[in-house]
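Same order as they appear, the protein sequences are chains A and B.
FYI, this note's numbering numbers position 49 of the first sequence as 32, with every residue one higher than the one before it.
Offset between the second sequence (1-based) and this note's numbering: plus 34.
Yeah, the Cβ is synthetic: ideal placement off N, Cα and C, and Gly gets one too.
Computed from a predicted model, the values in this text were never measured in an experiment.
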Amino acid sequence: MQRVLTTLSHEEPDRVPLFLALTMHGAKELGINIREYFSKPQNMVEGQLRLLSKYQQDFIYTFCYAPLEMEAWGAQVIYREDGPPNSGPPLLRKLEDIQGLKAPRVSETPCLLKVLKTIELLKSRVETDVPIVGVVISPFSLPIMQLGFDAYIELIYERPQLFWRLMELNKAFSIQWANAQLAAGATAICYFDPVSSPTIIPRDIYLKTGFEVAREAIRAIKGPTATHLASGRSLGILDDLAVTGTSMVGVSCEENLAELKRAASQKLTILGNLNGIEMRRWTPREAETQVKRAIAQAGPGGGFILGDNHGEIPWQVEEEVLFAIGDAVRKWGEYPLNWVKDER
Amino acid sequence: MTRLTVVFLHAKGFVGMVSGRSNEQWQDFWNMAPDVRRKSFEEALLSLDRMAARAALNLHNDEEGSLQFLEDIVVPALESIGKGWEEGRISLAQVYMAGRITEELMEELLPLKAAPHSGAEMAIAVLEDYHLLGKRLVCSVLRSAGFHVADYGRMNVDDLVQRVKSEKIRILLISTLMLPSALNVKAVRKGLTRAGADVKIVVGGAPFRFDDQLWLEVGADATASTASGAIHVVQGMWKELR
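What follows is the structure, encoded as structure tokens:
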């Protein structure tokens, strides 16, 4: 915990913290399938604890799968054997359906209660030794699954009244869901907000929409937040993200970490940016090279956590690569990072 | 009035200025004009100005009386927007809205029967997942560039192989968002080979953008990192198949 808190204060801890975003991977540890794994809190607790001990990382991640919240709203979730459960068809067939939409209550929704129980049990096991990071899909990004991406873009540009009606509903739900996780024992909330990335939406539209939504939602969440853009670029909105009140940003492998670190200038901690998709075919040596590169670019001075760029490591990534990432961060990530200066 | 519209109107004024001038001066103007119009069209798309976009196309169409405006204006503008997205200067929402406006304009200006590339049997599908935006973007730009693409929607591997075979498709575009779906393109390739179907497969979507070797691994013939990038790929294949 201290390692993470120190880097969040933009100071150098004993070494660079490592957040390996392992979710369904707990199923492999228990030798069960992914659907069964997510069916019981006990499975997820055991899975996360085994992953923590195996890879010696610095957090526990209670993210299950992206459409969990949509399941709470009544949508279909499609399980598969070789990857995260995926969202089914959009919940709303047409934009006008927003008028009659009602948000679920966390306290009455079994799939969410299961996650809360998981957090509670994990908290009782690790207490304050390891941060437990819960997740909400931001109110501004949830509509990708509620409506489908194309209809949502049209809503943003062409139906402002309906857009804001949906934002009010989603905001109330996301705040309720985030605060329930904090009350259950989560240390912080990862606010997944890919639509706010300049990869997806121009900054001028973001400032009128996702930025305002994030500012209100994050203010109402009773704990620290980290905004994750799930592979989307962030450089063009780093200052805006800082204004929303978030303390960390998950960044893309398409951007230069050193440039991001400079731009964040002690306002935001940077989390990233190992390429999770490429990671599938890395060798241990390539993993070490990538870890070394990331630490050299963003490690000095703290304010940096090593992780992947998407917030979810693919099922197909080999154990030996994950071990190699852990070994490399222990080899190259110990402060002070004198080797970085020597190599410059 | 946008900056580029002003440039465009200045160019129109230039017509008057050069009236009665030499052939060389006329040639200079016509050489410049498509680029000015392309920029004007692109700017109109990015500012969601349908009327300005239509104006940029119409003038050229009237003058040329042909479909040359697709090559001169529409395709380069969409490619430029796609490049802007790839380089992080333009957002996906802008790419989508630009594609939608262009597709609407093409429906108006370019009836399907007149599509220059309607002879090639080409289809597009999303493999397994429900993320349909990429497919829609590619559909929009290809139709805008004059290609006739059958939209299969969301398909699983077996149904896709069967349909491609039975409809004698020659170019199959597959869009994916999730990595496991992208990896399953391999099963599509295997199924088509087993069925004896001679089909070119073009893949696209986030997994292929983040891993530039993945398209080779799954047995695709090509990939495109942007929707508009698919135009060049398909143009090349279409010529090969003629």
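Worksheet item: Can you name the start and end residues of the beta strand (DSSP E) that M128 (chain A) belongs to?
Response: Where M128 (chain A) is concerned, there is no enclosing beta strand (DSSP E), although the alpha helix (DSSP H) it sits in stretches over 126 to 130.
Worksheet entry | Listed by chain order, chain B residues near Q299 (chain A) by CB distance under 9 Å | L213, P214, L217
Discussion item. Against chain B, with Cβ distances strictly below 8 Å, would G309 (chain A) count as a contact?
Written reply: no
Worksheet item: Would L251 (chain A) pass as a contact of L221 (chain A) if the rule is Cβ separation under 8 Å?
Response: yes
Worksheet item: Does E19 (chain A) get closer than 8 Å to chain B when you measure Cβ to Cβ?
Response: no
Fill in: chain A within 8 Å of H182 (chain B), Cβ atoms only
no
Discussion item. Looking at chain B, is there any beta carbon in it that lies within less than 8 Å of the beta carbon of P(-4) (chain A)?
Written reply: no
Worksheet item: Start and end of the beta strand (DSSP E) containing F287 (chain A)?
Response: 287 to 291
Worksheet item: Can K234 (chain B) and M189 (chain B) be called in contact, C-beta distance under 8 Å?
Response: no
Worksheet item: Which runs of the beta strand (DSSP E), 3 residues or longer, sit entirely within the segment 176 to 225 of chain B?
Response: Correct list: 184 to 189, 205 to 209.
Practice prompt. Let me know the secondary structure DSSP gives S70 (chain A) once reduced to three states.
Written response: For S70 (chain A), the secondary structure class from DSSP, reduced to helix, strand or coil, is strand.
Discussion item. Taking the straight line between their C-alpha atoms, what separation do you get for A264 (chain B) and A55 (chain A)?
Written reply: 38 Å
Worksheet item: Under the three-state reduction of DSSP, which class applies to N16 (chain A): helix, strand or coil?
Response: coil
Worksheet item: Using Cβ-Cβ distances below 7 Å, what residues of the segment 65 to 79 of chain A are close to chain B?
Response: Closer than 7 Å at the C-beta level to chain B, one finds these residues of the segment 65 to 79 of chain A: D65, G66, N69, S70, G71, P72.
Item to complete: May I ask you to list the residues that DSSP assigns as paired with F123 (chain A)?
Response: DSSP, once it has assigned bridges, lists no residue as partnering F123 (chain A).
Worksheet item: Pick from A:V109, A:C94, A:Q273: whose alpha carbon is nearest that of D41 (chain A)?
Response: A:V109
Item to complete: Compare the C-beta of D133 (chain A) against all C-beta atoms of chain B and say whether one is closer than 8 Å.
Response: yes
Worksheet item: Does DSSP put T45 (chain A) in a helix, in a strand, or in coil?
Response: Shown here, T45 (chain A) sits in coil according to DSSP, grouped into three states, outside any helix or strand.
Practice prompt. Identify whether V(-13) (chain A) lies in helix, strand or coil by the three-state DSSP scheme.
Written response: helix
Discussion item. Give me, in chain order, the residues of the same chain whose beta-carbon lies closer than 7 Å to that of A307 (chain A); leave out the 5 immediate sequence neighbours on both sides.
Written reply: P267, A270, E271
Item to complete: With a 10 Å radius around its C-beta and 16 neighbouring C-beta atoms as the bar for buried, classify D106 (chain B) as buried or exposed.
Response: buried
Worksheet item: Which residues does DSSP pair with G233 (chain A) in a beta bridge?
Response: A:H211, A:L254
Worksheet item: Does any CB atom of chain A fall closer than 8 Å to the CB of H165 (chain B)?
Response: yes
Worksheet item: Relative to the C-alpha of R72 (chain B), which residue among B:S114, B:K199, B:M156 is closest?
Response: B:S114
Fill in: Interface residues of chain B facing E261 (chain A) [CB-CB closer than 7 Å]
F244, D245
Worksheet item: Does E137 (chain B) get closer than 8 Å to chain A when you measure Cβ to Cβ?
Response: no
Worksheet item: Whose C-beta lies closer than 6 Å to the C-beta of S262 (chain B) among residues of the same chain, with five residues either side of it excluded?
Response: L112, E113, G116, V175
Fill in: Residues that C173 (chain A) bridges to, as DSSP identifies them
A:V118, A:A209
Worksheet entry | Minimum length 3: unbroken beta strand (DSSP E) runs contained in the segment 105 to 163 of chain B | 156 to 161
Fill in: Simplified DSSP assignment, three categories, for E301 (chain A)
coil
Worksheet entry | the segment 94 to 114 of chain A in contact with the segment 179 to 186 of chain A per 3-pair CB rule at 8 Å | They do not touch, by the three-pair rule.
Worksheet item: Any idea which residues DSSP pairs F21 (chain A) with across the strands?
Response: According to DSSP, F21 (chain A) bridges with nothing at all.
Worksheet entry | Contacts of L82 (chain B) in chain A (Cβ-Cβ under 8 Å) | Within chain A, the residues near L82 (chain B) are Y140.
Worksheet item: Buried or exposed: R(-2) (chain A), going by 16 or more other Cβ atoms within 10 Å of its Cβ?
Response: Counting of Cβ neighbours within 10 angstroms places R(-2) (chain A) among the buried residues, the total reaching 16 or more.
Practice prompt. Sort B:P214, B:A231, B:D245 by Cα distance to M262 (chain A) and report the nearest one.
Written response: B:D245
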